[in-house]
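Going by numbering that gives the first Met the number 0, the sequence shown opens with residue 0, and the numbers climb by one from there.
Beneath this line is the structure, given in structure tokens, with notes to follow.
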Amino acid sequence: MVQDGIPPQASHLQVDLEEVAPGEFIIAIVWREKKLGSLYLRGDRRYATAFLEAARQRIVLAIAGDGPADIDRQVQRELIDLSRTLQKPSG
């Protein structure tokens, strides 16, 4: 079953946030029960949650137009790009 507005590939996608230590988080990307990658973040929970939502949107958009065989590579590209643009919260 596919929800309205969600591409078929994204319906099998999980982008989760886990706090591994105070102020340290891991965003894990799983597709069809296969872990495709993860990204380490430092900051408060609000920053991590906002980054999680941005990561989820970018990854869904990245895989929406590609065939299932390219999803691994698309997710890896997005994680690399996200890690390059990662900024520490100000304040």
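Cβ coordinates follow ideal geometry from the N, Cα and C atoms, glycine included.
All of these numbers come straight from a predicted model, not from anything done at the bench.
Item: If you compare alpha carbons, which of 30, 17 and 32 is closest to residue 39?; Value: 17
Item: Please return the same chain residues whose Cβ sits closer than 6 Å to the Cβ of residue 35, not counting the five positions on each side in sequence.; Value: 28, 71 and 74
Item: Once the 5 residues before and after residue 15 are set aside, which same chain residues still bring their CB inside 6 Å of it?; Value: 27
Item: Residue 45 and residue 77 - do their beta-carbons sit closer together than 8 Å?; Value: no
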